[in-house]
Structures are given as C-alpha cells and as structure tokens.
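Protein chains in written order, with the working numbering: chain A, -1 to 375; chain B, 188 to 688.
Beta carbons: idealized from backbone N, C-alpha and C, even for Gly.
Read through the structure below, which is laid out as structure tokens, and then see the notes.
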C-alpha cells in the first residue's frame, strides 16, 4: 500500500522482498530456535552482515553519515516486508534506527560522525538500544556521575536489544536524586560492562536481548543533560508507526498462510476454506489486516506532510494496529488447527512475535494514558 | 396466579428452565461428602504445586526447548507417586474412586501453575473416560487394574486417547463429517481379532502412555458407520511411536505420532465393534458412534474448560503479582483505578469460566456419564464399602458379558437424547468459553506487564503459549460453538441443518 502512494519506493521494495524471501525465509525455523539450538551469535552475524551490506541498518540515517537518507515510509515498507517473513530482523533494523534517531534528535552529530562513516561491519554500525523501554516509565535506571574525566555510569539495565552483539549502546541514565534522565553512548566492550546470557523471550528469537550491569563505565553524553525524555518522545513519536508496520507485516503473513492452508486442507469432504465460519474468520483477519495497513500508510503520509498532530496519530494508530495484530495472529493459528500450533508452520511464531512487538517502546496502558493526557491538555 | 400445570407448561418452553439453571435444581441433590472430597483434592493439588509443579514447570519448558527430544519422565513418576493416576478411577476398577467433578477443580489448580503439567495428568483421565465409555467391563477392568498395579510398582501406566489422524482432525469428532472425511486408520477383521494399519497424530501423552484407546474403521469410505474401538499397548507387534511434535507450548505434555503396521489386536482388546453393538441395542452404529463421542467429550471438554480457567488464573495471578511489586510515578501500581479494573475483569473471567465448567459437570452428574456414580445411595455405598469387597465379590463379575451388557444398556441404550444433547452442549460451551477466557487473560496480563511479561523466567509468556492449544484440541472452538447450537439451540431453529453447507 505504501508503494502505491509513493512510486519511488518500488525498486526498494523489490530489493527487500527478494532479500527476505531469498536470505531470511530458508532460515526462519532454525533462527527461531535461538538462544537454543545450533544458532550462535556468529551465525546471526552472517544475516546481519547482509542487512548491513544492503544498507538496511541506516535507512533513515542521512547520507552524510553513510546512511540511505530515506523517510518513515521507506522504513515502514521495509519493516513490513521483512516482518512478513521473520519479524526478528525487523526488530534488529528498528533498534538500529531507534538509537540513530536518539542521536539525531539530540543534535549529537559528532557522535554520528564518530560511529557510522567509519563502521566496517554490522557490529560496529549497529548501536544497541533498550527498544522495549520507555525510560520515563522506569522506576530504576542506571546512575550517572560526572567527574574530571567525563561521565561514568553504574547500575543495571534490563532487556537491552542486541547488547551482546553491538560494540556500542545508547543507554538512559539518571544523576543521583534527579527525576530527569539523559542518554549516553557506551562502549559495550568496556571492562566494567557485564552481560547476561541471551534472554529466552516470548518471540522475535533471532534478535538477541540481554541484561547488562555497568560498573563505573565511562560514557559520552548525547545532547544535553536531563533532556532524555524530550529526545525519547521525539524518537518514539515517529518510530511508533514503524512498530505498527512490523505488526502489519506479521498480519499479512498470517493471513496469507491461513488462506493457503485452508485451501489445501479438507474437512468433511471439502476444502476447509469452503466452510462459512472459516470464511468469516478469514474475512475478519483480512479486514483487520487491511485496516492496519491503512493505519500505517496514512500515518506515514501524515508524518511526511507534517500534519499538526502527526505524533498523536502515530501513537494512536500504532496502539490500534497492535490490538488488531494480536487478534489476527490468534485466529491465524486457529485456522490451521493443530498444525498451526506446531513449529513446522509459521503461525505459532507470529502469535508470539506480534505480542512481543506490542511491548516495544514501553507499557501499552501508560502510553494510552499519556495520549489522552496530551489530548485534553 | 398460575396453577401447577400452567407453571409446568411455561417453564418447559424453550429455553427449558431446568436445563438453563442446573445449579438451582441439582446442587441440593449432591451428596454432601463430595464437598469434603473436593476440598481434599484441591488441597492436594496446592501441595503438589508448591512441592513439584512450581519448581519444575519453567525448567521443563526450558529443557524441552534446549532438547526437543526431552520427555518429562520424572514428572510422570512424581505424579504416579502422589497417586494422581488412580484417584479418579472408580473403586470398582481398583482405583480410589474420587468423584469425577472434583477432577476439574484439581486440573484448574495444577493448570494455574502449568497447563502442560495439568495435561500430563488430565489426559490420562481422557483415556480412562474413553475406555470406560465403551462399556466393555472386561477390557476396562484389564486396563485400569494395570494402572493401579503401575502405581503400586512405581511404574506409571498411563492411557491416551488416539483419534486424530493426519488428514482428519475435526472430522473424527462429528459423525456427519466423519462420514465424508479423509480417514486413514483401518481395522481389518481377521481370525481372533483385527489387523490395524495407519497413523494417529497429535496424541497427547502418546510417548508416555502404556495403553491407547484407538479408533479405526473397517471401511474408510464409511467411517462413521464402521468404527471400531481397540485397546493398543506399547510393545505390541506392529505398533510404533513416531515423532513427537515441536509445539509452541504445553511442552511438558508430548503430542505424539502413533504408527500401526499390520498391528494385530486380539479380540479381548476390542472394546467395541459392529457385532458388540448389536448385542445390546437396535440403534444404528452411527448413532452409537456419536453417543460414544458425545460421552467422552462431555467429560473431556469440561476438563479442558478447567485447563482454560487454570490458564486464566495463572495469568491473573502473574499480573496481580506484578502490580503488587511495581510502582508507577512513585505509587504502587495497584493504587490506580485502571489497574484495579483490569485485574477485576481478569478475576471475573476466572469466576465466570468456573461457573461454566461447573454447569457442564452438573449436567454430567445428573443427566450424563456420572449419573450412576453420583446417586446418593450408590455414591455412599461405593465410598464406604471396603476395597476387599470389590476385589473379591464384584471384580470377577466384571469379566462376564452380562456386566458389559448392563453397563452398555444403562449408559448408551437407555440414555435419553435430550440428556445427551444437554451434556454435550454444555461441555462445548464450557470448553470454548473457558479457553477463550484463558487466552484473553493472558493477553491482558502481557499488556499490563510489558517487557517483564515477555521473559520466560517470569512465567507469564509461557501461559500465553500454553493457552492457545486449548482453543484447538478437543474440537476447535468453532466446532464447539456449532455443537452448542446443534445440541441446545437447534430446537428453537427447526430449519437449521448441520454440516451441510
């Protein structure tokens, strides 16, 4: 749908779909076994390298920092297509963009200058970020102190996406006694950083997540002190719709597999798809899936056209898309019966992934309350 | 005011008042000792949860992810040691004879900690119910006495129920579909028994069971009219276990493939076939087939309802724990109205679901499978008569064809169609309502908990994975909705037809 509105995205779309089908699809089941099975970080790195080589990790990063310099529409189109095949890789791309957007929104060009143009690998280019956290919602954050040699951070941060892979992380931290927080660039190879084993989570398995502990780790501030919430809000507003695009992609994949299966499988002597209740379930899935795509497309348009309340639209439509997605993937499993529950098919993974995506960028009910507070203010 | 016949006339109209309010009519008729018995099994379940299920459930889930070939044999051994595989076997057949409705409360308790572990226990009773509902006392006695012996010897003897086939899932649960379905498991009559060929899939506890109740067909093209029920034991020639599935959840309970290749099943293990049906009824084999299916699912679907409420409760408890331990803006999360309202809704889902499976149990107690055992004189007679009486006086009688005839007559031939419809309809209602509540509560819990709920070591995400299967097995929730309509609502829709689109 996004390409229909913006024809310039067409060649890009072809590149992404061929990459997803050619490079990601054959390995979905194997990659989903992480952190168990034979897959280790080195093998994931191979997939990351391909994504890096194609430039997907810097899609919204300006060209002067060796990014592609595209807008939110290209980002959403890409995340959706990747998610249709394996949403884990959408989370990797999203995380890369989240840290980039924090840096850009803070106006910390010198950091972007330092990290991106000289990066030769995904490990160097991809900056880890706690993508599931709204630091403003967190009661406890790592503590930062400043001295003659700059800032140092101590404390624990949970659920850091790609924390065991990237060289760098963008992390939130508070000064003692302060409610406000700031973002910092931290070298994850610093001796003071301890990383947990990859966390066994509900979904998006191929994108590793770890807890980290920091002990007096030197850090570089991003933007101004105490302005973390402002940078996060600016980033979150635009990037929320990117998370919606991931779930819209998951929904498309779910609907597609449900239709394919019900056409082939028989019940009572005829194709399952020819029973009216099955059609009704498929219809509900299709309606929700289309509505989700529309939400994503129109939100991207609102952002591109800089509508006055595009930030509000972005978060509101995203929360709606996540609700729709959780319904669709549940029915997606249902339509395949027992087979839908098995790892041989893609539906059970989508059932898990959609909920994991819903939890990105903070707690859903608090986002709802923040939205209405803003609306009535 | 109305006279008696007018009252009777009004309350007999659709919806028939007695059928709609079973608790009002049947609760007073329940033997009082059932309450004490139920309290005892619930307490036992809570103790088991503290000592076994809670410490093991996440570890088993993790182990099965690390090694998909891992089987929780230790868990089965523990359940056997705790006596869980004979608690609900009637004393008549060597068990402890606890009242069957109490099994639902027990399964809910265990399910509130781990639905997979609850299934490892509950599925055995699905196998037992399937075996018993075939009413062949000699076969029942043989199989169930092995379960009792297995408990004494510390060698668990579980029973599974094998009906799903690679090409037929929903089809084997409804005769109208079975008549047209792609069936593959064939039983060929040979001298002294049947030769069994084909496969069964998704058989819960398949790898853990010694015995399986297997449905097969003498004519695959006329499956609904030619069903044969056989008891097959692990180790029999021609019977092998295939792979077990890599499932999203409930990983403590393996879902297995059972393969049969010229597997000879002797006559003494044939529970039901066309000839045995003729010996006690004039009803058609298809009607008998549906009655068997309805009987088994009237029990098992109420049980799955209990699993569903176990999941709903597990999710509620996880969310409540999180809300108690978390602060928002310096205030405990539980102080906020929006949190209280969501937790209240989750709690209400648990209570409402319990009412639904309880209603199904009341139907089974008074109008269905448990009716004989729940009549006060029989209940107390069985409860207080010493075991030696059963083993020396009653037990030998179970080997006679008269016992099989009597049980078949009582349960199958004499069952009123209205009772059959009420029990199967309410069981379907409990099944889809409770399991939908289960998934809904999991979704609500995860929304409330955010990233904390996503971590396997916190338990909430596992409940979401476990719960989804409940909407699928024992008939998809769609089939159960149709069955509810067909069984209970259809009298108000004379033009309604089923499975004929």
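Considering only the beta carbon of each residue, do residue i and residue j sit closer than 9 Å?
i	j	result
residue 348 (chain B)	residue 483 (chain B)	yes
residue 180 (chain A)	residue 220 (chain A)	yes
residue 435 (chain B)	residue 245 (chain B)	no
residue 212 (chain A)	residue 155 (chain A)	yes
residue 414 (chain B)	residue 456 (chain B)	no
residue 145 (chain B)	residue 479 (chain B)	This structure leaves residue 145 (chain B) out entirely; chain B is present only between 188 and 688.
residue 282 (chain B)	residue 331 (chain B)	yes
residue 669 (chain B)	residue 275 (chain A)	yes
residue 372 (chain B)	residue 346 (chain B)	no
residue 488 (chain B)	residue 632 (chain B)	no
residue 178 (chain A)	residue 143 (chain A)	no
residue 550 (chain B)	residue 209 (chain B)	yes
residue 213 (chain B)	residue 552 (chain B)	yes
residue 666 (chain B)	residue 361 (chain B)	yes
residue 536 (chain B)	residue 624 (chain B)	yes
residue 250 (chain B)	residue 257 (chain B)	yes
residue 300 (chain B)	residue 241 (chain B)	yes
residue 336 (chain A)	residue 351 (chain B)	yes
residue 394 (chain B)	residue 343 (chain B)	no
residue 183 (chain A)	residue 354 (chain A)	no
residue 503 (chain B)	residue 533 (chain B)	yes
residue 323 (chain A)	residue 204 (chain A)	no
residue 76 (chain A)	residue 10 (chain A)	yes
In this structure, does DSSP put residue i in helix, strand or coil?
i	result
residue 381 (chain B)	strand
residue 308 (chain A)	helix
residue 257 (chain A)	helix
residue 9 (chain A)	helix
residue 170 (chain A)	strand
residue 258 (chain B)	coil
residue 563 (chain B)	helix
residue 604 (chain B)	helix
residue 150 (chain A)	strand
residue 192 (chain A)	strand
residue 30 (chain A)	helix
residue 203 (chain B)	coil
residue 68 (chain A)	coil
residue 373 (chain A)	helix
residue 104 (chain A)	coil
residue 417 (chain B)	strand
residue 292 (chain B)	helix
Query raised in the report: Between the region 423 to 441 of chain B and chain A, which residues of the former have CB atoms less than 7 Å from a CB of the latter, in chain order?
Result: 432, 433, 434, 435
Report task. Check each residue of the region 374 to 408 of chain B: if its Cβ is closer than 8 Å to any Cβ of chain A, include it; give the result in chain order. Result -> 388, 389
**Report entry** Complete runs of the beta strand (DSSP E) confined to the region 440 to 491 of chain B [at least 3 residues]
**Finding:** 442 to 453, 457 to 459
Query raised in the report: Does the region 184 to 203 of chain A come within contact of the region 67 to 80 of chain A, defined as at least 3 CB pairs closer than 8 Å?
Result: no
Requested in this report: May I ask you to list, following chain order, the residues of the region 250 to 261 of chain A that have a beta carbon less than 8 Å from some beta carbon of chain B?
Outcome: none
Query raised in the report: What residue ranges within the region 631 to 674 of chain B form continuous alpha helix (DSSP H) runs of no fewer than 4 residues, ordered along the chain?
Result: 638 to 641, 647 to 657, 664 to 671
Report task. Taking only beta carbons into account, state which residues of the region 220 to 233 of chain A come closer than 9 Å to chain B, listed in chain order. Result -> none
Report task. Select from the region 647 to 662 of chain B all residues with a C-beta closer than 8 Å to any C-beta belonging to chain A, and list them in chain order. Result -> 648, 651, 652, 655, 656, 658, 659, 660
Query raised in the report: So, do the region 366 to 385 of chain B and the region 272 to 290 of chain B have three or more beta carbon pairs nearer to each other than 8 Å?
Result: no
Query - Contact residues within the region 344 to 366 of chain B, judged by C-beta distance below 9 Å to chain A - result: 351, 354, 355, 356, 357, 358, 361, 363, 364, 365, 366
Query raised in the report: With contact counted as at least three CB pairs below 8 Å, one residue from each stretch, are the region 351 to 367 of chain A and the region 128 to 145 of chain A in contact?
Result: yes
Report task. Scan the region 177 to 200 of chain A for residues whose Cβ lies nearer than 9 Å to a Cβ of chain B and list them as they occur along the chain. Result -> 197, 198, 199, 200
Requested in this report: Quick one: which unbroken alpha helix (DSSP H) runs of 4-plus residues sit fully inside the region 216 to 241 of chain A? Chain order, please.
Outcome: none
Query raised in the report: Three or more C-beta pairs closer than 8 Å, one from the region 331 to 341 of chain B and one from the region 527 to 546 of chain B: is that the case here?
Result: no
Query - Residues from the region 353 to 370 of chain A in contact with chain B, defined by Cβ distance under 8 Å - result: 353, 354, 356, 357, 360, 361, 362, 363, 364, 367
Query raised in the report: Relative to chain B, which residues along the region 149 to 165 of chain A have a C-beta separation below 7 Å, given in chain order?
Result: 157
Requested in this report: With 7 Å as the C-beta to C-beta threshold (strictly closer), list the residues of the region 266 to 295 of chain A near chain B in chain order.
Outcome: 266, 267, 273, 274, 275
Query raised in the report: Is the region 646 to 665 of chain B close to the region 523 to 533 of chain B, with three or more CB pairs under 8 Å?
Result: no
Query raised in the report: When you check each C-beta in the region 593 to 609 of chain B against every C-beta of chain A, which residues fall closer than 9 Å?
Result: none
Requested in this report: Output, in sequence order along the chain, the residues in the region 125 to 152 of chain A whose CB is closer than 8 Å to any CB in chain B.
Outcome: 130, 131, 135, 137
Query raised in the report: Relative to chain B, which residues along the region 306 to 330 of chain A have a C-beta separation below 8 Å, given in chain order?
Result: 324, 328
Query raised in the report: Using Cβ-Cβ distances below 7 Å, what residues of the region 467 to 490 of chain B are close to chain A?
Result: none
Query - Stretch-stretch touch, CB-based, cutoff 8 Å, three pairs: the region 94 to 103 of chain A with the region 56 to 75 of chain A - result: yes
Report task. Can you check the region 274 to 354 of chain A for any alpha helix (DSSP H) of at least 4 residues that lies completely inside it and give the ranges in chain order? Result -> 274 to 302, 308 to 332, 335 to 338
**Report entry** Residue ranges of each alpha helix (DSSP H) within the region 512 to 589 of chain B, 4 or longer
**Finding:** 524 to 554, 558 to 561, 563 to 571
Query raised in the report: Name the residues in the region 630 to 641 of chain B whose C-beta lies less than 9 Å from a C-beta of chain A; which are they?
Result: 630, 633, 634, 635, 636, 637, 638, 639, 640, 641
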